[in-house]
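Engineer: In the order they appear, the protein sequences are chains A and B.
Just add 3 to wherever you are in the first sequence, counting from 1, and you've got this note's numbering.
Just add 17 to wherever you are in the second sequence, counting from 1, and you've got this note's numbering.
Heads up, the beta-carbon is just placed ideally off N, CA and C, and yes, glycines get one too.
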Amino acid sequence: MSMIPSPAWHPIAASTDLVFRHVFHGKLAGQELAVWRADDGNVNVWENRCLHRGVRLSIGMNDGAELKCQYHGWRYANRSASCTYIPAHPANSPARQVTNRTFPVAERHGLVWSALEPDAAFPDLPEGDWFALRAVTIDAPAQTVMGALAEAATSLVPLSPLACRLALREAPGETLIVFTQPLDAGTSVLRALRDGTPADAEPTLRRFNRILSGLRDSIEAVPMPRIGAVEPDFAPVSADLAAVPGPRAAGLSVVVARKWWAAEDVVALELKPLSGTLPAFQPGAHIDVTLPDGTLRQYSLTNGPGEWESWVIGVRRQRQSRGGSRMIAEQVREGDLLAISEPRHKFPLRRDATRTVLIAGGIGITPLLAMAKALHHGGHPFELHAFARSAGHLPFAEGLQAFGDHLHLHLGQDPDETEATVRQFLGPHGFAQHVYVCGSARMIDTVTQAAADLGWPDEAVHYEHFSNDRAIDASSAFTVELARSALTVDVPAGVSLLAAIRDAGVTVPSSCEKGACGTCVVPLLDGVPDHQDVYLNTTEKRAGRAIVTCVSRAQTPRLVLDL
Amino acid sequence: MITLYDYELSAECYQVRLLLALLGLEHRLVPVDIHPGADHRQPAFLDLNPLAEVPVLVDGAVTLTEVQAMLVWLATTYDGSGRWLPRDPAPMATVAQWLGVAGRLGASTGAARMALAKTEEVALEPLQAEAHRLLRVIDEHLWFAERRGEDWLLPLAHPTIAEIACFPHLALSEEAGISRLAYPAIRRWLDRVRRIAGFTVMSGVFPASPSK
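1. Can we say the segment 135–144 of chain B touches the segment 179–186 of chain B, given the rule of at least three CB pairs closer than 8 angstroms?
2. At what residues does the beta strand (DSSP E) containing Y466 of chain A begin and finish?
3. Taking the alpha-carbon positions, what's the T20 of chain B to V84 of chain B distance?
4. Below 7 angstroms between beta carbons is the criterion; list the residues of the segment 131–148 of chain A that meet it against any residue of chain B, in chain order.
5. Could you pull out every residue in the same chain whose Cβ sits closer than 6 angstroms to the Cβ of V247 of chain A, ignoring the five residues on either side in sequence?
6. Does any C-beta atom of chain A lie closer than 8 angstroms to the C-beta of P185 of chain B?
7. Using a cut-off of 9 angstroms between C-beta atoms, extract the partners of F385 of chain A located in chain B.
8. Anything in the segment 163–196 of chain B with a Cβ closer than 7 angstroms to a Cβ of chain A? List those residues in chain order, please.
9. Please work out which residues of its chain come closer than 8 angstroms, Cβ to Cβ, to K262 of chain A, disregarding the five sequence neighbours upstream and downstream, and give them in chain order.
10. Using a beta-carbon distance below 8 angstroms, is F62 of chain B in contact with chain A?
11. Ignore the nearest five residues each way along the sequence and tell me which others in E110 of chain A's own chain have a CB closer than 8 angstroms to its CB.
12. Using the beta-carbon of each residue, which ones in chain C are nearer than 9 angstroms to N212 of chain A?
13. With distances taken from CA atoms, which of B:E147, B:G194, B:L207 and B:A69 is nearest H25 of chain A?
14. CA-CA distance, F399 of chain A and E50 of chain A?
15. Nearest by alpha-carbon distance to E173 of chain A: which of A:V160, A:V483, A:I180 and A:R213 is it?
16. I want to verify the contact list: residues of chain B whose CB lies under 9 angstroms from the CB of Q73 of chain A, in sequence order.
17. I'd like to know whether the C-beta of A199 of chain B is nearer than 8 angstroms to at least one C-beta of chain A.
18. My output table needs one value for L247 of chain B: the three-state DSSP class, helix, strand or coil.
19. Can you check whether the C-beta of S228 of chain B is within less than 8 angstroms of a C-beta belonging to chain A?
20. In terms of alpha-carbon separation, which member of A:E312, A:H112, A:H413 and A:V22 lies closest to D66 of chain A?
21. Determine, using beta carbons only, whether L527 of chain A and I550 of chain A come nearer to each other than 8 angstroms.
22. Report the neighbours of R205 of chain B on chain A: residues whose CB is nearer than 7 angstroms to its CB, in chain order.
23. Are any of the Cβ atoms in chain B nearer than 8 angstroms to that of K376 of chain A?
24. Count the other CB atoms, across all protein chains shown, that sit within 10 Å of the CB of A151 of chain A; report buried if there are 16 or more and exposed otherwise.
25. So is D66 of chain A in contact with chain B if we call contact Cβ pairs under 8 angstroms?
26. At the level of alpha carbons, what is the spacing between A435 of chain A and T359 of chain A?
27. Cβ atoms of A363 of chain A and A389 of chain A: under 8 angstroms apart, would you say?
28. Is C183 of chain B helix, strand or coil by DSSP?
29. Run the CB neighbour count on H75 of chain A, radius 10 Å, all protein chains shown included, and call it buried at 16 or more, exposed below.
30. Does H149 of chain B pass the burial test, meaning 16 or more other C-beta atoms within 10 Å, or should it be called exposed?
31. Along the chain, where does the alpha helix (DSSP H) containing F62 of chain B start, and where does it finish?
32. Taking the Cβ atom as the reference point for each residue, do P14 of chain A and Q184 of chain A lie within a distance shorter than 8 angstroms?
33. Which term fits E205 of chain A, buried or exposed, when burial requires 16 or more other beta carbons within 10 angstroms of its beta carbon?
34. Output yes or no for whether 8 angstroms exceeds the beta carbon distance between T82 of chain B and E70 of chain B.
35. Which one of A:L414, A:V450, A:C441 and A:D408 has the shortest CA to CA distance from V425 of chain A?
36. Beta-carbon within less than 8 angstroms of I7 of chain A's beta-carbon, same chain only, minus the 5 sequence neighbours each way: which residues are those?
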């Protein structure tokens, strides 16, 4: 049989330890681990500490798709370990850098394996029918345990410094492979596999449990020298996570795995990663898709918690399209490669509302679908109101039935009927109620106006524009001071503020450049802005503390930006 | 009306509060300021319990000062299903056996926890060593029960007051300096107890995620 080359990989748990919605408390060579199986079967092996206050995640809650810290409720996604939600900042999206440390994982022969070195090759385990015995924890260093095994064995073949194949004197004729998992300098776990599943499983398990517990007792009967203080080992943060966040280009390559009609005039695309796995995302996230002609378009992810393998977006084929959506509808085929960005979060979902109203107009249902799935999974109260011209125009209709009583369909209503319907179900604002709307500019105007009339404050009304249909007036000329850069820049008529700043050599990230996506927002220190975007809400515009640099300009001769 | 003389941080008081909650019984809690007030050494309290300990349960003419007796009283008097304390001799005696184990847990991990909380000069190591000896046996028992598809300390389809008696000491063991890292079957059983309908928490005991 093949040799097990190095002890880089250790069994750290039994498969049967990872039961439904449980978090196993593990440890390997002094490193504490939170080990949990998500509902999709994936096993996560993470550093056992919340990035917030360091509390053990092993006392957290496994909800099947996310692990929630018991202390302040930070949530981390299955697979990526990225933070998806911070309850104390319910209106914000956690930065991508808030990602827990993960360790590699494998499951073989009824044992769960991990390694502290990320790149170690998985050992060549023997094939065959191996039966996992009950693990026994021993208060002794791993080398002491290996020595005691050698004394208790009739025959022993070392496989690695911490693994061997042997037969015990008390059970001759039964071959075992025994792994000694070092928990820390003074504690070990014996994990053994027996060659062949016995017909009488429980008596065999009991017999070996007695033998291995006896071995444990004899080892522990010898007094151990006290172990002195161990120097802490500081692990460096990965270069990717340590990097200063900046503008991110289209960073992911995906394959169009499936393309289908999700409604009349709506094409759905299922995007799978070309390699590796997709990053974590939060409900309401969108991606920039780089089209074959190089233009960027934003599309919302419709995925819910746990839907990590591929992303699904919906694209409406517009007759008067600038070309983007028509290009996707007509030219992109299954099997094509597309370049997309990391998920962007401009439309975050609060999960602390007593009532969440999701209002979708036509294709605007896409981000709200992701939100509805997240709220449904978490058992939060919500209503999904979907407006469409007809049942045939309702995108992703087949998946909506899962929401049961939460779903309200409003089909074939004209603008006046739509407004009346919205006012009727929205009602007056109550404590901790939030409304989210996505759809045409008219739909968003209808809902924001109705909400304002009914007494809903701006901060309870959330919307996302994907386009800015207003005509931009770029006729003004003014001066802008960049306070941090100590630069004064003239912005002539016909040149955008963003372009003028960039010409002066200062970098500002941007995406849509039409005043819709908010990527190029900059803090404003002085001056009166001339807001022309649809990204900032009325309150934010009135406050005058931020400006969307791609379209907005100045009402005063001078603006001062925090750049 | 059932009256419980209670101290929030006491694992024994929590046993009674837990069963009261699970049975949905109306009751009155009388907080006794054990620390730092030492109200349990006041004459009024000593009339109730000369041993100067909480909990004390008063229900009509019955006054009880031992937690195992309170669990037996509440289960036999108020649990119409007869599940929390089965009446057949073998399971009934087995429940009594686990109440005894819970007493041992109280004398080891429970005593270590109170000593650490009050920073008393107590030799912790023997208490903790005895607790580990008990936890090893309980973990092994629960591991083999899981193998047979059983969820609880007794081979029954439902929990009993054996769970109620043992749960607080095991759930609070880390406050006694006793890690449950080496007891995965106990950790899974703690999750199952925390998912019983009507379960209630205390300081240091957290709820479990819902299991569908």
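Structural biologist: In short, the structure shows the following:
1. Because the criterion of three Cβ pairs below 8 angstroms is not met, the segment 135–144 of chain B and the segment 179–186 of chain B do not touch.
2. V464 to E467
3. Cα-Cα distance, rounded: 14 angstroms.
4. R137 and T140
5. Bear in mind that a pLDDT of 48 at V247 of chain A, under 50, signals an unreliable position, so the model cannot answer this.
6. no
7. Result: empty, since nearest Cβ-Cβ is about 18 angstroms, beyond 9 angstroms.
8. R164
9. For K262 of chain A, where only same-chain residues beyond five positions count, the Cβ hits under 8 angstroms are V270, A271, L272, E273, V335, R336 and E337.
10. Interface annotation, F62 of chain B: not in contact with chain A, CB-CB separation never under 8 angstroms.
11. Cβ neighbours of E110 of chain A within its own chain (closer than 8 angstroms, five residues either side excluded): S18, V46 and W116.
12. Protein chains in the displayed structure are A and B, and chain C is not among them.
13. B:L207
14. 38 angstroms
15. A:R213
16. F223 and P224
17. yes
18. Because chain B here runs from 18 to 229, residue 247 of chain B falls outside it and cannot be looked at.
19. yes
20. A:V22
21. yes
22. In chain order: V22 and H25.
23. no
24. buried
25. Yes - at least one Cβ of chain B is within 8 angstroms of the one on D66 of chain A.
26. 9 angstroms
27. Taking 8 angstroms as the cut-off, the beta carbon of A389 of chain A is found closer than this to the beta carbon of A363 of chain A.
28. helix
29. exposed
30. With 16 or more other Cβ atoms within 10 Å, it is buried.
31. Counting along the chain, the alpha helix (DSSP H) containing F62 of chain B begins and ends at P60 to L65.
32. Q184 of chain A is positioned such that its CB atom lies closer than 8 angstroms to that of P14 of chain A.
33. Result: exposed.
34. The answer is yes: Cβ separation under 8 angstroms.
35. A:V450
36. For I7 of chain A, the pLDDT reaches just 42, beneath the cut-off of 50, and the residue's location in the model is therefore unreliable, although a value from the coordinates is still provided. P126, D127, L128, L162, S163 and A166, listed in sequence order.
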